[in-house]
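Each residue of the sequence shown is one higher than the last, beginning at 72 in our numbering.
Shown next, in structure tokens, is the structure this report addresses.
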Amino acid sequence: MLIRTDRAARACYRTDGGQIVYGFADSVVHVRAPEDVAEVLRAAQRDRIPVTCRGGGLTTGGESVTAHGILLDLKGLSRLLECDGRTAWVEAGMTWHHVAEALRPLGLDYTSAPLNMLSTVGGTLGVGGIDVNSPRHGCSADQAVELEVVTPTGDIVRVKEGDDYLERVLLGYGQFGVITKARIKVRPYRPMTVRHFLYTDIGVALSDMMRLVERDAVDACAILTLCDDVIALILGFEDEPQDFALRHTPEPLFYARLAASFAKRPWRLGDIGFLMRRKADLLPALHDPLFMQDEAVHDRTVVFSRLIWRYWGGPEIVIPDLAITKADFESAARRGIDVCKKYFPYFTLYAVMIRKFGHRPRYEMSAIPATGDEHVCGIEFSPLVEGVRYSRDHFQSFKNAIYDIGLELGGSYYRFGGVMKPYIRRMFGDEMVNRHRAMKQALDPAFILNRDVIFDPPEACNEASPGTKLHAATPSVSFAGGQLRWWRPQTAECDPSGASPGKVASSPQNTALGDV
């Protein structure tokens with residue numbers, strides 16, 4: 072491993088993709104093997120030094136930024152180790168672009184990955200990972216069938232589907248261990264034909280998308296808008312494109328209606344130039360000869376990453392998002408559009424559906440909201456700043472307004488750590504947050520790993536309850552038969568919520584982690 076403490080090295084990690092949180096770690100550690108990670112965590116656990124993990128650094132709320140302790144850079148773990156044609160055993164520091172590059176010569180492709188291909192595998196599995204083919208294949212975390220994880224106390228373990236620990240690490244937001252390797256599902260690589268259909272009403276577009284997804288009729292599906300003027304349903308086909316009875320507006324009629332709308336609102340005529348510029352950017356991304364052969368996209372990893380991500384950004388990346396049930400999909404979209412109009416003249420909405428695979432423990436406190444439906448719905452809202460400078464308070468107020476919609480509709484969020492942590496208890500409730508925080512404390516006695524990103528650390532607990540000491544007898548953790556078990560000795564301690572001291576059971580409990 073390489074340890075850097077000079078200011079220049081630390082400055083490279085002073086912020087993340089969101090560029091609203093800044094901090095200098097005391098040191099940056101570049102690891103090259105799982106044993107390096109284990110050594111760092113053992114020393115940090117012993118000396119109670121916070122460790123913040125970082126892959127691609129694409130967090131937007133400071134989740135991978137720290138002002139003290141160790142910044143653990145995992146990008147050195149970046150190899151494809153083996154592939155049997157059905158799964159690939161990859162190191163967690165690989166970006167999805169590198170995963171695609173390694174698989175293509177084998178005639179293979181990943182199954183589901185995030186749209187931003189510079190995300191790392193480990194970071195993605197910890198939060199979800201949503202793709203245009205998530206309506207059929209689910210999130211990236213659902214493609215992992217085996218993990219190598221370094222526990223917060225420095226043990227290297229391998230867990231497979233069905234193990235309690237795997238369920239907690241996947242979608243665990245980096246709280247329960249550091250993923251160093253993952254066995255992910257792969258599939259044959261196939262080019263994709265892309266079609267887009269224009270709508271004048273977001274509700275009609277969402278309804279058509281839900282109908283196609285419920286029928287499993289397309290290989291990829293998403294909605295992308297420019298303000299609420301241009302609404303595009305984008306469909307991808309790996310076989311011959313099919314015709315559907317969609318309620319879209321044919322392009323000549325669509326543009327005629329758009330012109331009539333602007334004629335009735337002459338104060339918006341200047342927006343026509345904006346829409347034309349965006350159209351000039353969008354269509355070449357779908358028809359670039361570098362990626363197109365015989366009218367089929369031969370590198371969807373690049374095309375869709377460009378198609379979506381080039382619309383977001385500027386000095387700060389602001390992408391508040393909602394994860395909503397199908398029943399509230401249209402309401403969330405319409406209310407979110409109203410919020411966007413209040414804060415920005417130009418904005419975009421990106422909507423996709425995500426397949427669920429039953430009621431897995433990994434979904435409990437995650438971006439996958441509790442619902443009996445087979446799919447959940449994701450919507451991301453983002454301003455198109457067009458060179459205008461806005462204050463951080465303005466951006467934060469915008470994000471708060473979007474998140475408040477999620478609270479009212481009983482949904483979840485994709486990015487709920489870092490500066491958005493105050494929403495966690497309001498969103499999931501004290502009982503669930505306290506239960507997961509107890510799991511965190513059991514696995515991470517010194518609370519070193521990604522401290523304060525999701526849960527309040529023990530110091531905050533002590534501050535909330537003056538005179539109460541951090542319990543001296545920390546929870547014990549053991550692995551038995553692939554299952555993670557823990558028990559906590561009798562002692563007075565802070566309630567996991569940090570509200571008041573309490574008592575624990577009079578005898579040690581040996582309980583499966585999933586039952587805590």
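Think of the CB as a built atom: it goes at the ideal place given N, C-alpha and C, for glycine as much as any other residue.
The structure displayed is predicted, hence computed values, not measured ones.
Query                                                                                                                                                               : Result
According to DSSP, is Gly156 helix, strand or coil?                                                                                                                 : coil
Just the C-alpha distance for Gly477 and Leu177, rounded to the nearest angstrom, thanks.                                                                           : 42 Å
Hey, quick one: how far does the beta strand (DSSP E) through Thr264 stretch, first residue to last?                                                                : 264-270
So Arg440 and Ile395 are supposed to be a Cβ contact under 8 Å. How far apart are they, rounded?                                                                    : One detail in the question is off: residue 440 reads as Pro in this sequence, not Arg. Their Cβ separation, rounded to whole angstroms, is 7 Å, which keeps Pro440 and Ile395 in contact under 8 Å.
Please list, in chain order, all residues of the same chain as Ala291 whose beta carbon is under 6 Å from its beta carbon, the five residues on each side excluded. : Val203, Asn204, Gly307
Go to Ala253, then tell me how far its alpha helix (DSSP H) extends in each direction, as first and last residue.                                                   : Per DSSP, Ala253 belongs to no alpha helix (DSSP H); it is in the beta strand (DSSP E), 249-259.
Take Leu112 and list the residues in its own chain whose beta-carbon comes closer than 8 Å to its own, dropping the five residues that flank it on each side.       : Val122, Val221, Thr222, Pro223, Thr224, Gly225, Val249, Ile519, Leu520
In whole angstroms, what separates the C-alpha of Arg266 from that of Ala303?                                                                                       : 10 Å
Let me make sure I understand the geometry here. Which of Tyr414, Leu242, Arg433 has the alpha-carbon closest to that of Asp464?                                    : Tyr414
Straight-line CA distance for Trp167 to Ser332?                                                                                                                     : 42 Å
Counting C-beta neighbours from all protein chains within 10 Å, is the total for Met510 16 or more, i.e. buried, or is it exposed?                                  : buried
What does His507 pair with, by DSSP beta-bridge criteria?                                                                                                           : DSSP lists no partner for His507.
Under 8 Å between C-beta atoms, does Gly449 make it to chain B?                                                                                                     : No chain B appears in this structure, which consists of one protein chain only.
Report the three-state DSSP secondary structure of Leu186 (helix, strand or coil).                                                                                  : coil
Roughly how many whole angstroms lie between the Cα atoms of Ala283 and Asp365?                                                                                     : Before going on, a small fix: residue 283 reads as Leu here, not Ala. Those two C-alpha atoms are separated by around 25 Å.
Return the CA-CA distance between Lys427 and Leu455, expressed in angstroms with no decimal places.                                                                 : 31 Å
Which of helix, strand or coil does DSSP assign to Gly481?                                                                                                          : coil
Within the continuous alpha helix (DSSP H) that includes Glu451, where are the two ends?                                                                            : Counting along the chain, Glu451 falls outside any alpha helix (DSSP H), though it belongs to the beta strand (DSSP E) covering 446-454.
Distance, Cα to Cα, Arg254 vs Ala159?                                                                                                                               : 5 Å
Would you tell me roughly how many angstroms separate the C-alpha atoms of Ser211 and Arg336, rounded to the nearest one?                                           : 44 Å
For the putative contact between Arg119 and Leu142, defined by C-beta atoms under 8 Å, what is the C-beta separation to the nearest angstrom?                       : So it is not a contact: roughly 17 Å between Cβ atoms.
When burial is assigned at 16 or more other CB atoms within 10 Å of the CB, is Met438 buried or exposed?                                                            : The residue asked about is misnamed: residue 438 is Ala in this sequence, not Met. Burial call: buried.
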